[in-house]
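Okay, structure first, notes after.
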Amino acid sequence: MQHPNLQEFVLDQPLHTQAFFSLVETTAKLVDVSEKYWQSKGLNGARIRVLVELMKEGGSLLPSILAKRIGVTKANISLLLIPLEQDGFIRRESHPVDGRKSVISVTSEGQQLLFTHLPANREGIAEKMKSLDEQELHQLLFLLHKLRRD
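For the sequence shown, the working numbering assigns the number 4 to the initial residue and increments by one for each residue that follows.
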């Protein structure tokens, strides 16, 4: 049996709920643009994200920190790292201080993969974002940073 007020609740959303779902839907569409690019190259966007995050930190990170940066569990980061290591895009090394830990580093092959494909990927994203002018992009960034601070 359907709850009598459920339809009204779903259709009559307050402004903050409308904004939230619009943000989620827009993000999903933009992520899909990027993911389709990677798939067209036989690559996986989540794995590319691992390589990008490693490069942001100078090429090396602990797996636990990497997992946190990309928003996955420690178990899921292992699932992302295994094929990257098998394909030669990353390597695991013992932590220089704590031998129980490992450090993940991007190899030269991983760097070359990013160098080859990131520019075209970024162009596709830029194409989708071109409906906003520079001032609007700055405003969007400001608002997104403001939301993340809470």
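Backbone N, C-alpha and C fix where the C-beta goes; we use that ideal spot for every residue, glycine too.
Contacts around residue i, its chain only, beta-carbon distance under 8 Å, and the 5 residues preceding and following it disregarded
{"i": "Glu88", "result": "Arg94 and Arg95"}
Distance, residue j Cα to residue i Cα
{"i": "Ile107", "j": "Leu65", "result": "6 Å"}
{"i": "Gln16", "j": "Ile128", "result": "30 Å"}
{"i": "Ser43", "j": "Ala31", "result": "18 Å"}
{"i": "Arg152", "j": "Phe23", "result": "16 Å"}
{"i": "Val75", "j": "Ala123", "result": "26 Å"}
{"i": "His148", "j": "His141", "result": "11 Å"}
{"i": "Asp90", "j": "Val13", "result": "46 Å"}
{"i": "Thr110", "j": "Ser63", "result": "10 Å"}
{"i": "Leu150", "j": "Asp101", "result": "37 Å"}
Sub-8 Å separation of residue i and residue j beta-carbons
{"i": "Arg52", "j": "Ile73", "result": "yes"}
{"i": "Leu54", "j": "Gly113", "result": "yes"}
{"i": "Leu135", "j": "Leu146", "result": "no"}
{"i": "Phe92", "j": "Leu116", "result": "yes"}
{"i": "Ser67", "j": "Lys59", "result": "no"}
Close Cβ partners of residue i (< 6 Å) along its chain, the five nearest in sequence each way excluded
{"i": "Glu38", "result": "Gly48"}
{"i": "Leu9", "result": "none"}
Own chain partners of residue i with C-beta closer than 7 Å, once the 5 adjacent residues on each side are dropped
{"i": "Lys104", "result": "Leu65 and His98"}
{"i": "Pro86", "result": "Arg50"}
Any chance you could list the alpha helix (DSSP H) runs of at least 4 consecutive residues sitting entirely within the region 53-80, in chain order? 66-73
Considering only residues of the region 77-144, which uninterrupted alpha helix (DSSP H) runs meet the minimum length of 4 residues and lie entirely inside it, listed in chain order? 77-89 and 111-132
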